[in-house]
Each structure stands twice: as structure tokens, then as C-alpha cells.
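Mind the numbering: the sequence shown is residues 216 to 758 in my numbering, read in order. From the three backbone atoms N, C-alpha and C, an ideal C-beta is built for every residue, glycine too.
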Amino acid sequence: MDDVASSSRSQVDRPALIPSQHVIRVVLLMITTAALLGWGLRHTEATYGDGLRAIEQARQVARGDWRGGLIGSIDHPLHPLLIVAAHPLVGGEDAASWQRAAVAMGFACVVLLVIPVYLVAREAFGDRSAWLGALLVSANPLMVTVVANALTESSFLLAWTWGLWAAVRFLREGRFVWLPSTIGLGVLAYLARPEGLLLPATVAATLLLLPLHRATRINWPRWAAAAAFLVVGSAVAVGPYVALEGGIATRPAVARILGLAPGASADAPERERPLRADQTALESYRLASARMIAAVRGAASTPLSWLALPGLLLIRRGPARARLWLFFGILLGASAAGLVRLHATGGYCTVRHALIPGTILILAAAHGVARILDAVAIPGSWLGQAKSRMRPGTAVWAAAVLALILPTRGGEPASPTIPGPFHAYRDAGDWLARHAGPGDAVLDMTDWSSFFSGRPGYRFAQVREAPGDPSLRWVVVRRPHVEGRWGYSEVVRGMIAGLQPAALVPEHPAPGQVQVEVYDRRPSTGRVAVSGGAASSPGKTLR
Numbered sequence: 216m217d218d219v220a221s222s223s224r225s226q227v228d229r230p231a232l233i234p235s236q237h238v239i240r241v242v243l244l245m246i247t248t249a250a251l252l253g254w255g256l257r258h259t260e261a262t263y264g265d266g267l268r269a270i271e272q273a274r275q276v277a278r279g280d281w282r283g284g285l286i287g288s289i290d291h292p293l294h295p296l297l298i299v300a301a302h303p304l305v306g307g308e309d310a311a312s313w314q315r316a317a318v319a320m321g322f323a324c325v326v327l328l329v330i331p332v333y334l335v336a337r338e339a340f341g342d343r344s345a346w347l348g349a350l351l352v353s354a355n356p357l358m359v360t361v362v363a364n365a366l367t368e369s370s371f372l373l374a375w376t377w378g379l380w381a382a383v384r385f386l387r388e389g390r391f392v393w394l395p396s397t398i399g400l401g402v403l404a405y406l407a408r409p410e411g412l413l414l415p416a417t418v419a420a421t422l423l424l425l426p427l428h429r430a431t432r433i434n435w436p437r438w439a440a441a442a443a444f445l446v447v448g449s450a451v452a453v454g455p456y457v458a459l460e461g462g463i464a465t466r467p468a469v470a471r472i473l474g475l476a477p478g479a480s481a482d483a484p485e486r487e488r489p490l491r492a493d494q495t496a497l498e499s500y501r502l503a504s505a506r507m508i509a510a511v512r513g514a515a516s517t518p519l520s521w522l523a524l525p526g527l528l529l530i531r532r533g534p535a536r537a538r539l540w541l542f543f544g545i546l547l548g549a550s551a552a553g554l555v556r557l558h559a560t561g562g563y564c565t566v567r568h569a570l571i572p573g574t575i576l577i578l579a580a581a582h583g584v585a586r587i588l589d590a591v592a593i594p595g596s597w598l599g600q601a602k603s604r605m606r607p608g609t610a611v612w613a614a615a616v617l618a619l620i621l622p623t624r625g626g627e628p629a630s631p632t633i634p635g636p637f638h639a640y641r642d643a644g645d646w647l648a649r650h651a652g653p654g655d656a657v658l659d660m661t662d663w664s665s666f667f668s669g670r671p672g673y674r675f676a677q678v679r680e681a682p683g684d685p686s687l688r689w690v691v692v693r694r695p696h697v698e699g700r701w702g703y704s705e706v707v708r709g710m711i712a713g714l715q716p717a718a719l720v721p722e723h724p725a726p727g728q729v730q731v732e733v734y735d736r737r738p739s740t741g742r743v744a745v746s747g748g749a750a751s752s753p754g755k756t757l758r
């Protein structure tokens, strides 16, 4: 029974872990994370085109165009620079080598993310919750999605979570030395994604609101110095980049959220559905609030979202508890408001945009589970030990972990084993490179197929411009692009009406597998089958 329950005395007198034990924990968690990512990359296909922007910026930098690759682009410079650094380790000069470098870099970032996640959970919630929180974050399927799609969230989360740890240390200890780290890491996260500035802004808001808490004793000179240093230091650190870019909002979505630009057009491609002409602002914000809640629940899973509340309420007692409550409250509130604005002004909000609140809720949920299990005790007489009370042991903890992880990975059919996240796009790109003539324009709704083909053309964001080009011959889509309810789906259906695919990649996909369809708007021959099924090798083509 020792693996199921243990004596209450051992739980009460649990000794603190020594540093080497923490190191062993973190190393084991990193190995587990690498294994989960490795498995996930063999069962997850890329469906986002956003990561391609950073790869193309990295290629510009590698060609010597530093300004064109880093300044004035949509994506911030940190992620492209890390791809450039990873590329020599992968080798090669073709498009596929840059894609592999981006995935490898994202893989490394998510494995290294274990370290700051563990430290944040330990600092905010204690040793008992640290390993469980880090494990639940690593087991989140969203991490595989980020790596498989080469998204900038991988480098962003690594820098941002280190900054979060420094901020929590500052709020717990009140030591001024942690402020420069918070600012520096927050600015580093900003250089990956604009959300990075949320961290120093949240710490500044926490400091400004602390005097309103009656139980908080304020050393006014130190408080004023810390607040001034945080605000001025952040402005000085981020100022040069903002000056080069000509503004804080390099992405259209950020400008819309901050009110610096009008909302997306009613039929913008990025909208989940076209904006109705009679839709009021109140209705827009109602829909946006519902979508925000769904995105956060998707990022953290529904069970963990509910368990986060007791986890936050049960933050360990001490003088810093009120400061942490205020800090996490502002952080979650600001994140929620930003997601609502994102949907209300841009018409979209996905689970990957909710990674910041999702990660916080997962760590809080881990603490809630740990406290609940620690509070459970049964009479020892039930297990033949009349003079003691028994608490959950290893087997119960293992069952609890499985119960928390499995719901995040259930509800979908098992994905087939694939050569890699981009194999279908590489095969489609090879086909395009062989069949598209020099004067043939291509509309690639996947973005990736034309990238691998090395051919210029219209991308997803330019779908409404493409029909007016008389040289447009090839249309590359996935089935959801054609059958979807999005405004651009009507445009796509109009361009390929009455046509059969000239190529299917793969020809016989397994259930749940991505299939790329290539349409020839000036067909002269029948359909060409490209590639076999789930187990086909990249580059294998059939005429």
C-alpha cells in the first residue's frame, strides 16, 4: 500500500528539496518534454502559415539584408535571428533546410522552456507544485502545434517565462536586483512578439496599485524608485527598436488592439466569418468575449481552467501573497481584454493567442491539485493501520496526472504517423516546380507549397487580388479553404468552379491527415496523382 497512500506524518514533515534534487527533476522533465515533442512531430501536420514570415525574414538576413529582414517586417527580429543561428547546425541551402532549422529551433526553445516554467511554479506555488505544473505545460498539445508550425510563440514563451520568474521573485522578495532582469527579459520577449511588453506593464500596474491594499506596508522611497526605474527602464530599453520601426505596433493586429488603426475590413481573410453590416459594437464584443473564453479554455483545457481558481486562492501564506494575487489578477485581466479586442477588431482569436493566460492557469491548476491531494486523508484503520491517517501516495498522484493530461489529448481520432509536419507541402511544392511554367501565376492558400517550390505568387493574404490576374493558372488549397464559411472561401470556390484537382498530395490520405489540392485553371490533361498515403516518403511523386 505504500505506493498508494503514505502516512500523514511524512506529509507534514516533508523536508525541503536540495538543489541537486531540483536539477534531477528538471532534467527528467526536459527529457519527457523532448519525447512528447518528438512523438507529436510525427503525428502533427502544419496548418498555420504564420511561421513562414519569420523563415523568410531569416533568409533575408542570411543574404546580408539585415535591415530588410529585421526592420519594417511584420514579425519582430528575435525569432528570425534564432533561425539564422540554428540553420548552420541543420545544413543545406534549400527551402526545406530553413524549415527544418525553424522547427529545430522551436523544439529546443520548448524543451528549454521547462526550466523557467519550473522556477515560476516553484517560486509562486512551492516545490510540491513545480514538477506537476511543468509537466502539465509540457504535455499541452498546443506546444506541439507551436513547434510543428514553426511559430514565433516558441522563442517568445521562453524569454517571457524567464521574465515572469524574475517578476515573481521581485514581488515575493522586494529586492531591487530583480527589476533589471524583469525589464531586460520582458524587452527580449517583446523582440519576439509584441505581447512581451505585457510583462513590465503588469509589474508597473501592480506597483501602482499596491498602495491601495491596506495590508501592504509601503516603503515609499523604495516604492517610488522601483516604479520609476521600471517605467523609465522599459522605455529606454525598447526605445531604439520602436524608433527604428516607427512605432510600437509593427503588426496590424496590435495597432487595432491599441486603437491605433481601424478594425479589419468586413471580409478580411483573417476573419473567422465575415462581419455583418448590421452587427453592433455590443454584439461584436459579446461574440469576442465568448471566443476569448473558448480560446483560454482551449489553451489550458476545461478541467485545468476550473482547478486554477482554488490554485490561485491557495497560494502559500506569507507577506507576498497579496502582491502575487494582484499581479496574476492584472496579468490575466489584461490578457483577457487583449484577446477580446483582438477578436472584436480583427475577427479572430485562436488558442495559440491565449498561451499567456493558459500557461498561468495550468500552473495554478497544478497547485490546486497538489493542495487538494495533500488535504485528502483517510483513517489508517481502512488499510490496517489503526493509529495513523493515510494520504495519497505515488499511485494516486500518477492517476491524477493521467486524469489531467488525457482530456487535453482526447476527443480527436488518432493521427497517422507521418514523415514530418510539412511533408505534404514539400511534395506539392516539388510538383509545382516541375509543372508550373515561367509565366504561370500561382495562388497558394497554404503559403508553404509555393515556398518549397521556390516560385513567387499570391499567398493567403492576397486571395482577393488573385482573381483579377489573367496569368493566374494554379490554385493550391486544402479542403477547408474550399468548404469553409469564411469570406475568402467564396472567392476560392469561384476560381476552381467545375474543375477537378490536377494533383492531390497525398492521393489517399489517412483519416485526419492534411491533403493539398492543386487546381489547373487551364487544364489540358487529366488529374495527376502525387505521393501515396500517410507513409509515403517526401519527394516521391507518380505521373
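- A residue is called buried when at least 16 other Cβ atoms come within 10 angstroms of its Cβ; residue 380 meets this threshold and is buried.
- DSSP lists 658 as the beta-bridge partner residues of residue 673.
- The alpha carbon of residue 590 has as its nearest neighbour, out of 693, 404 and 529, the alpha carbon of 529.
- The alpha helix (DSSP H) runs of length 4 or more contained entirely in the stretch 523-602 are, from start to end of the chain, 536-561 and 570-590.
- One thing to note: residue 475 has its Cβ no nearer than 8 Å to the Cβ of residue 481.
- In the three-state scheme derived from DSSP, where H, G and I count as helix and E and B as strand, residue 678 is classed as coil.
- Contact check between the stretch 290-310 and the stretch 394-402: fewer than three CB pairs, one atom from each, fall below 8 Å, which does not count as touching.
- Between residue 736 and residue 687 the beta-carbon gap is near 7 Å, inside 8 Å, which marks them as a contact.
- Restricted to the stretch 423-482, not a single beta strand (DSSP E) segment is unbroken, complete and at least 3 residues in length.
- The DSSP-derived three-state label of residue 387 is helix.
- Segment contact: the stretch 347-360 against the stretch 250-257, three or more CB-CB distances shorter than 8 Å; contact assigned.
- No Cβ-Cβ contact shorter than 8 Å links residue 349 with residue 641.
- Taking all protein chains in view, the Cβ of residue 434 is surrounded by fewer than 16 other Cβ atoms within 10 Å, so the residue is classified as exposed.
- Residue 689 sits in a strand when the DSSP states are folded into three classes.
- Under the three-state reduction of DSSP, residue 392 is assigned to coil, being neither helix nor strand.
- Pairing residue 484 with residue 681 gives a Cβ-Cβ distance that is not under 8 Å.
- For residue 450, the closest of 274, 412 and 467 by C-alpha to C-alpha distance is 412.
- For residue 492, the three-state secondary structure derived from DSSP is coil.
- Annotation for residue 263: 364 and 366 place their beta carbon closer than 7 Å to its own, counting only its chain and skipping 5 residues before and after.
- In the structure shown, the three-state DSSP call for residue 360 is helix.
- In the three-state scheme derived from DSSP, where H, G and I count as helix and E and B as strand, residue 367 is classed as coil.
- Proximity of the stretch 564-580 to the stretch 510-527 meets the contact definition, three or more beta-carbon pairs being nearer than 8 Å.
- Comparing alpha carbon positions, the residue from 562, 569, 560 and 531 closest to residue 549 is 569.
- Taken atom to atom, the span from the alpha-carbon of residue 239 to that of residue 343 is near 15 Å.
- Contact annotation: residue 734 and residue 717 have beta-carbon atoms nearer than 8 Å.
- Taking C-alpha positions only, residue 331 is separated from residue 283 by approximately 33 Å.
- Inclusion of residue 397 and residue 426 in the CB contact set at 8 Å is not warranted, their separation being larger than that value.
- Annotated three-state conformation of residue 712 is coil, per DSSP.
- Residue environment for residue 447: exposed (fewer than 16 other C-beta atoms within 10 angstroms of its C-beta).
- Residue nearest to residue 345 within the set 583, 369, 710 and 326 is 583 (criterion: CA-CA distance).
- Excluding five sequence positions before and after residue 333, the CB atoms of its chain that fall closer than 6 Å to its own CB belong to 241, 345 and 349, given in chain order.
- Counting along the chain, the unbroken alpha helix (DSSP H) around residue 667 starts and ends at 663-668.
- The shortest C-alpha to C-alpha distance from residue 543 to any of 417, 505, 439 and 557 is the one to 417.
- DSSP, reduced to helix, strand and coil, places residue 696 within a helical segment of the structure shown.
- A residue is called buried once 16 or more other Cβ atoms fall within 10 Å of its Cβ, and residue 730 is buried on that count.
- DSSP, read as helix, strand or coil, puts residue 331 in helix.
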